[in-house]
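A quick write-up on the structure given underneath.
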């Protein structure tokens, strides 16, 4: 049976990435060595990381003066690393979910944190608007896509202070005006590659402005200066990322990818809005995530949720259980998920409706 | 032509690890999904990390009261993380090479550091002995194997203060009396798996004794409490580590591995000592590493080093160039390197001697 992979991350990868990575794990470029056993100082790996950086810059149209880094440790480490490097006195954060909350918690270890707005009182089911950002904050931080709650901020804010964003779950899903940002970080395991590597896009001039001592590995300068090779980088995950970047470019880049992502998420939201059994958890269509579509059953059908879960699982849907803090269902529609899988889950919903509504 | 992989790390992996990982990247356990696209919260991955922890404990005979963690970020991050968690006032370090020097540098961000002894004045070509360790230090740190200089400490020190060791390049190469240690850390990319994961063995009672605030991701307690799953762990590298652990167990465990490592390194050192062209860089046989065998040509033959490099490369030897700070040659003989490769490099040395001595 065909599997449809709706995991929230790690999640579906392009078949191209999977095949090329498996091939390289056996024998990289026919050199007779596995990708896992080459030195990171070899010309073979240098070519891999150089091409990954170049393609990342090309796809996101990253201007001069920015560095692209591939680091280990996960986006969760960036929750501390960003304020370690950028927070001198105070920082402003927007609280739109669990990851933003965690980022705020870590920043408080380093200085004052102003939470400019929060949607926590409504279980993060909307994106706050109309808040003020203090003009004297060291930076403003937001989470562009909220994997757990299914909201997304598609705007590149135009601020006078440095803009920092955790784009772990929607990076490369659409074009972004990088020139608006000082720092973007993203765990790879949604739209780029397997877990174990975090991509950092950093404007080189934002570092070196705090007075505290920064441990070498937590200092962005270390990694900018050494091109992500201060220590041994995660070789296999970086190779896999490169394959996804090639696949993205072949598909037509981020403009083409955005069109596909709009098409996929619109189709599913349209079905959720139409279907008599289901409703979306995010009321305002403008706040709904293209990446993580969250939905529950109407109260009168709520008892059928386990039955739908079983029904869908039996038809090859994987990873559609909603996060425990939201309940219901979540279908993650990352870049690599084909329209065919969206059609499949819509088919399940329609069939289940016919049998039960 | 058969390749003989003497890279210092990332380096040779067992064929078993390579084949099983390539297979899983295509289709994990026949479930129809790639290892790269399963959720780290899935039962498939939980089984992988649980088995890896259990096998690690079994192979190293780790006593009760210790945790085994698989974290991202590299051993270089541990240079800061160890003192972040353990250094309240002062720590004692033994300086035996570049990695120890880096560990000392990071520890100085957190408190007083006493360097109990150093072999730097002789380009780290010996292991210092007869030094004193302050009884009131928070811990004593040493690097068990010095990849760059080719020395190794095979002793498990019996101290009254917590013992901390960076075992990145010789972990799993021999049995270790874990009960002597408070903390051991090791980047995977020498003897365990591909780069991108660091193994931590920590005695649970050593944490929570410093007064400073520790960022969540840098706090060992976070990862002990969550079984390495506070954030998304490096799934593919951990899977590959598990395969190597299985391979090690099938080979007879660490006692059998130690015998093979003694046999391999003795054979190569014997040839270096015998050969008229070459000499070892570590004078005292008791200090010589079993993992990284460093050798140079005698002064009168020094000019032939590039010729030998070319000669050996033409015969399939890979990664034998010595580190720039030592020069000459370095053959890394990690667990996965077969005796056949040691015989091959010995053959090169003998043939080159016949043609040139």
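Residue numbers (this note's numbering), protein chains in the order written: chain A, 1 to 357; chain B, 1 to 357.
For each residue, glycine too, the CB sits at the ideal point set by N, CA and C.
Close to chain B, meaning a Cβ-Cβ distance shorter than 7 Å, is no residue of the stretch 289-315 of chain A at all. As a beta-bridge residue in DSSP terms, residue 152/A pairs with 145/A. Scanning 278/B, 331/B, 9/B for the CA closest to the CA of residue 351/B turns up 278/B. With a threshold of 8 Å between beta carbons, residue 143/A makes no contact with chain B.
Closer than 9 Å at the C-beta level to chain B, one finds these residues of the stretch 326-340 of chain A: 336. For the pair residue 5/B and residue 151/B, the Cα-to-Cα distance works out to about 20 Å. Rounded to the nearest angstrom, the gap between the Cα atoms of residue 121/B and residue 130/B is 17 Å. When C-alpha distances from residue 47/A are compared across 59/A, 29/A, 213/A, the shortest belongs to 29/A. The alpha-carbon separation between residue 161/A and residue 75/B amounts to approximately 35 Å.
Per DSSP, residue 118/B is one residue of the beta strand (DSSP E) stretching across 112-118. Not a single CB atom of chain A sits nearer than 8 Å to the CB of residue 101/B.
Taking 8 Å as the CB threshold, residue 167/B stays off the interface with chain A. If you draw a straight line from the Cα of residue 73/A to the Cα of residue 346/A, it is about 37 Å long. Per DSSP, reduced to three states, the secondary structure at residue 216/A is helical. Distances from the alpha-carbon of residue 78/A to those of 88/A, 99/A, 95/A put 99/A closest. Listed in chain order, the positions of the stretch 22-38 of chain B with a beta carbon within less than 7 Å of a beta carbon of chain A are 22, 25, 26, 32, 33, 34, 36, 37, 38. Chain-ordered, the chain B residues with CB closer than 7 Å to the CB of residue 195/A read 40, 232, 233, 234, 235. For residue 198/B, the enclosing beta strand (DSSP E) starts and ends at 198-203. In this structure, residue 330/B places its C-beta atom within 8 Å of the C-beta atom of residue 293/B. Measuring C-alpha to C-alpha distances from residue 275/A to each of 228/A, 348/A, 230/A, 263/A identifies 348/A as the nearest. Only residues of its own chain outside the window of five on either side were considered, and among them 89, 90 have a CB closer than 7 Å to the CB of residue 112/A, listed in chain order.
When the beta-carbon positions are compared, residue 69/A and residue 200/A come within less than 8 Å of each other.
Residue 244/A is classed as buried because its beta carbon has at least 16 other beta carbons within 10 Å across all chains shown. Judged by beta-carbon spacing, residue 226/A lies beyond the 8 Å limit of residue 207/A, meaning their Cβ atoms are not closer than that value. Residue contact check for residue 7/A against chain B: a CB pair falls below 8 Å. The residues 60, 156, in chain order, have a CB closer than 7 Å to that of residue 176/A in the same chain once the five nearest residues on each side in sequence are set aside.
Among the residues of chain B, those whose CB is under 7 Å from the CB of residue 189/A are 232, following chain order. For residue 91/A, not one C-beta of chain B is nearer than 8 Å to its own C-beta.
Of all residues in the stretch 101-115 of chain A, only 102, 105, 106, 109 come within less than 8 Å of chain B when Cβ atoms are compared, listed by chain position. Here residue 37/A is buried. Its C-beta has 16 or more other C-beta atoms within 10 Å. Bounds of any beta strand (DSSP E) do not take in residue 190/A, whose DSSP letter is neither H nor E. Contacts between residue 13/B and chain A, judged by CB atoms closer than 9 Å, involve 34, 36, 37 in chain order. In this structure residue 262/A is exposed. Its beta-carbon is surrounded by fewer than 16 other beta-carbon atoms within 10 angstroms. Between residue 18/B and residue 34/A, the beta carbon gap of about 5 Å places them in contact (Cβ cut-off 8 Å). Across the set 179/B, 326/B, 335/B, the C-alpha of 335/B shows the shortest separation from the C-alpha of residue 252/B. Put simply, the CB of residue 280/A is far from chain B, with every gap to its CB atoms at 8 Å or more.
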